[in-house]
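Peer 1: FYI, in the numbering used here the residues of the sequence shown are 17 to 198. Ideal placement from N, C-alpha and C gives every residue a C-beta, glycine not left out. Okay, here's the structure, questions in a sec.
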Amino acid sequence: MRLLLIESTPGNAREIGSHLVTDGHEVVHCADEHGPCRGSTHHMECPAEQHLDLAIVAREPDAVRTLAEMGSVCATRHRVPLMELDPTQEGLPSVAVAQAIALRATLAGYATAIRHELAHLPALVEVRRTPDLIHATVQVPESLNTPQALSAVADRARKAVREYDPYVKVIDVSVVCYPDPA
């Protein structure tokens, strides 16, 4: 997995980063020795400009949020699944499990945006995500099975995703029908 490791205090997650690299993950950081933001001079150097599987914020319990954590703001804006981790705790939780849980919450955000846009319809929404693509499947009643109605549903679903995540590269929407209730 490609992981963004964000330290609330410089150096507080060095051991976590080493452990993640040993486990085979690619670990990237927002900050380097030249300053707090790699993207401040050239935005394409920002890790959030490429796919990230998970952002991990390392912060001690009860510690206040710091400007060193600004990468979490960028990760949130780019809809990257995010988890917070206590760097002083013994053992590292399963990154795969944490990523799966955080991803579910992220996908639920996309689905909620679509449901809100289509609130006038009894629509069922399912969302999947790949590095450059959001795929939404929207199910509507058979009574809406006309080219114009299905196209309008797809357009509104795409609009909802774009408003929710202006950074997503590709939005794919499939609209299918379910039988009308008898």
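Which same chain residues, not among the five before or five after E100, have their C-beta less than 7 Å away from its C-beta?
Peer 2: V73 and R75, listed in sequence order.
Peer 1: Could you tell me if R93 is buried or exposed, where buried requires 16 or more neighbouring beta carbons within 10 angstroms of its beta carbon?
Peer 2: By the neighbour-count rule (16 or more Cβ atoms within 10 Å), R93 is not buried but exposed.
Peer 1: In this structure, how does DSSP classify S190 when only helix, strand and coil are distinguished?
Peer 2: In this structure, S190 counts as strand in the three-state DSSP scheme.
Peer 1: Give me the DSSP bridge partner(s) of D48.
Peer 2: Answer is G51, bridged to D48.
Peer 1: Would you call the CB atoms of V177 and L134 closer than 9 Å?
Peer 2: Cβ atoms of V177 and L134: not closer than 9 Å.
Peer 1: To the nearest whole angstrom, what separates the beta carbons of E49 and G55, a pair I think is in contact under 8 Å?
Peer 2: Between G55 and E49 the Cβ distance is about 15 Å, and since that is not below 8 Å, they are no contact.
Peer 1: Can we say the region 140 to 154 touches the region 172 to 187, given the rule of at least three CB pairs closer than 8 Å?
Peer 2: Enough Cβ pairs lie closer than 8 Å, so yes.
Peer 1: Return the residue from the list T57, T82 and L36 that minimises the CA-CA distance to S24.
Peer 2: When only C-alpha atoms are compared, the closest one is T82.
Peer 1: At what residue ranges does the region 64 to 112 contain a whole run of the beta strand (DSSP E), taking only runs of 3 or more?
Peer 2: With a minimum length of 3 residues, the continuous beta strand (DSSP E) runs that stay inside the region 64 to 112 are 70 to 74 and 98 to 101.
Peer 1: Any idea what DSSP makes of L166, helix, strand or coil?
Peer 2: Three-state DSSP puts L166 in a helix.
Peer 1: Quick one: Cα of D102 to Cα of A121, how far?
Peer 2: One C-alpha to the other measures close to 20 Å.
Peer 1: For L160 and Q66, what's the separation of their Cα atoms in angstroms?
Peer 2: Cα to Cα, L160 sits roughly 38 Å from Q66.
Peer 1: Under the three-state reduction of DSSP, which class applies to V184: helix, strand or coil?
Peer 2: Of the three classes helix, strand and coil, the one that applies to V184 here is coil, per DSSP.
Peer 1: Assign E158 to one of two classes, buried (16 or more other C-beta atoms within 10 Å of its C-beta) or exposed (fewer than that).
Peer 2: Exposed, since its Cβ has fewer than 16 Cβ neighbours within 10 Å.
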